[in-house]
Amino acid sequence: MGSKKIVVVTKGKDPYETTMEALSRISLPPLKDKRILLKPNAARLMEPEQGGVTHPAVVAAVIDHLRDRGGREIYIGESPILGVKVKEVFDLTGMARIAGERGIPLIDLDKEGPLNLPVPKGLVVQTLKVAAEISRTDYIVSIPVMKTHMHTTVTLSIKNMKGVLWRREKVRLHQLHAPRQVVGNDKELDVAISDLASVLLPDLAVIDGNIGMEGLGPGIGNPRNAGLVVVSQDPVAADAVASRLMGFSPQDIPHLRLISERGMGEIDLSKLRIDPDNYLALQERFEPPPEKISFEYPDVEVHDEESCSACLSTVFLFLKRYYKELEPYFDENEKLNLAIGKGVINCPEGTVYVGNCSCSLENAKGNLKVAGCPPVASQIWESINLK
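Position 166 of the sequence shown, counted from 1, bears residue number 165 in numbering that gives the first Met the number 0, the numbering being contiguous throughout.
Shown next as structure tokens:
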């Protein structure tokens with residue numbers, strides 16, 4: 000029993016107190032001389048109440064607890080999605096406020112040039128460009144918000160580490176091509192996340208499920224007031240438990256299954272020590288992401304191959320805002336075809352190509368293009384109206 004990985008689950012109405020309670024039930028190593036990176040999910044211009052970013056009170060609790068345990072050199076770092084400025088994100092999410100109150104530096108992880116990190120056992124990547132700050136960091140705390148994700152089903156502490164990749168390296172993971180004998184039936188993105196985990200797992204996972212996101216995550220789903228916090232020094236175990244609390248089997252999350260199969264962590268919940276024993280009584284089932292956007296919007300066909308989360312979010316937001324206003328378009332065209340990603344092929348004539356990657360493709364010629372990296376939702380609407 001003592002050798003089992005420990006995962007703590009707490010539930011409450013106060014994000015700060017719920018996080019402090021969870022942290023108080025695990026034993027951390029000495030942190031006195033460690034340089035500590037806190038990596039929240041603060042990659043989008045959203046407020047915490049929208050469920051898309053880590054609640055600042057959770058980060059505040061982590062700072063206070065680490066200081067109580069001897070941590071002194073603590074900083075918050077983030078590399079937001081393309082097209083978003085990190086200062087604006089820190090301000091809107093509340094990270095700047097809690098950092099200022101505690102004298103904690105805020106770091107733009109894209110400010111310096113990248114560190115080329117070898118991936119000795121990589122299946123689809125052999126090197127990764129990561130933030131140079133990683134080379135000066137001794138201890139990493141991943142503090143994601145609990146969300147569903149159209150590409151990976153869930154995004155938790157391990158997927159959150161994709162945010163330490165330097166600038167467009169995040170996009171590259173969505174555009175990899177590998178032979179079937181390497182990836183089998185899995186997507187290259189999921190295999191790439193397992194490659195990332197082989198060289199860069201966080202030392203501590205603090206998963207913020209106070210206000211998560213369900214459905215059309217990671218950017219425009221619905222907020223879910225779950226009141227949960229999951230903490231563990233084993234991020235794989237933490238993500239497995241959090242997935243189960245969200246209503247998903249860890250074995251059905253491809254990147255978690257791959258990480259487990261590669262011997263980097265345990266996702267069999269029977270082999271974990273979960274506190275409390277009756278943690279499933281705290282479960283909050285999240286609405287899963289739709290398998291295809293057309294399930295949510297039946298008159299729209301989204302052709303998505305190798306897109307990144309930024310362009311995917313743009314399309315989601317466009318449909319959420321303008322779908323009802325598209326009725327005149329449907330009267331004339333029956334269906335709206337949208338293409339995103341560098342790998343889309345054989346799209347019908349009249350398809351609208353969204354984002355620089357799809358717009359640069361040969362088969363985009365002669366069709367409507369909405370350029371940008373990423374473009375904004377209103378650009379798609381304006382382009383269709385002009386058409």
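Note that the Cβ used here is the ideal one computed from N, Cα and C, for glycine as well.
The way I'd put it, the region 202 to 210 doesn't touch the region 258 to 278; fewer than three beta-carbon pairs between them come closer than 8 Å.
By the neighbour-count criterion, in which 16 or more other beta carbons inside 10 Å mark a residue as buried, proline 39 falls on the buried side. DSSP places leucine 311 within a helical segment (H, G or I) once states are collapsed to three.
Within 10 angstroms of the beta-carbon of aspartate 137 lie fewer than 16 other beta-carbons, which makes it exposed.
As a beta-bridge residue in DSSP terms, tyrosine 74 pairs with Leu36. Glutamine 125 has its alpha-carbon roughly 18 Å from the corresponding atom of aspartate 185.
Cβ neighbours of lysine 270 within its own chain (closer than 7 Å, five residues either side excluded): Lys3.
The beta carbons of methionine 149 and proline 288 sit closer together than 7 Å. Its chain contains Pro39, Ala41, Met45, Glu46, Pro47, Val52, Thr53, Pro55 as the residues whose beta carbon lies nearer than 8 Å to that of threonine 92, once the 5 sequence neighbours on both sides are disregarded; these appear in chain order. According to the DSSP secondary-structure assignment, serine 141 is paired through a beta bridge with Lys38, Ala204. Taking a cut-off of 8 Å for Cβ pairs, the region 178 to 198 and the region 152 to 162 touch, as three or more such pairs fall below it. Distance between leucine 36 and glutamate 333, taken at the CA atoms: about 51 Å.
Between methionine 94 and isoleucine 106, the C-beta spacing is not below 7 Å.
Counting along the chain, no beta strand (DSSP E) covers glutamate 16; the unbroken alpha helix (DSSP H) around it starts and ends at 14 to 22. Bounds of the beta strand (DSSP E) holding isoleucine 339 are 335 to 339. Taking leucine 116 as reference, the option from Asp13, Ile142, Ser134, Gly162 with the minimal CA-CA separation is Ser134. In this structure, the alpha-carbon of valine 198 lies about 11 Å from that of valine 129. Taken in chain order, the whole alpha helix (DSSP H) runs of length 4 or more contained in the region 162 to 198 are 168 to 171, 179 to 182, 187 to 198.
In the three-state DSSP reduction, lysine 4 falls in the strand class (E or B). Within the region 248 to 298, the runs of alpha helix (DSSP H) that reach at least 4 residues and sit entirely inside it are, in chain order, 253 to 260, 292 to 295. Classified as buried, aspartate 238 has 16 or more neighbouring CB atoms from the shown chains inside 10 Å of its CB.
Under the DSSP assignment, serine 357 falls in the alpha helix (DSSP H) whose first and last residues are 355 to 358.
The alpha-carbon of valine 61 is positioned some 17 Å away from that of lysine 12. Inter-residue distance for glycine 262 and alanine 241 is about 20 Å (C-alpha atoms, whole angstroms).
Taking 7 Å as the cut-off, the beta carbon of aspartate 298 is found no closer than this to the beta carbon of phenylalanine 317. Leaving aside the five residues that flank valine 353 on each side, the residues in its chain whose CB is nearer than 7 Å to its CB run, in chain order, Cys310, Thr313, Val314, Leu337, Ala338, Ile339, Val369, Pro374, Ile379. A direct Cα-Cα distance of roughly 7 Å separates proline 29 from glycine 69. Note that the C-beta distance between glutamate 168 and valine 123 is not below 7 Å. The C-alpha of alanine 177 lies about 16 Å from the C-alpha of valine 170.
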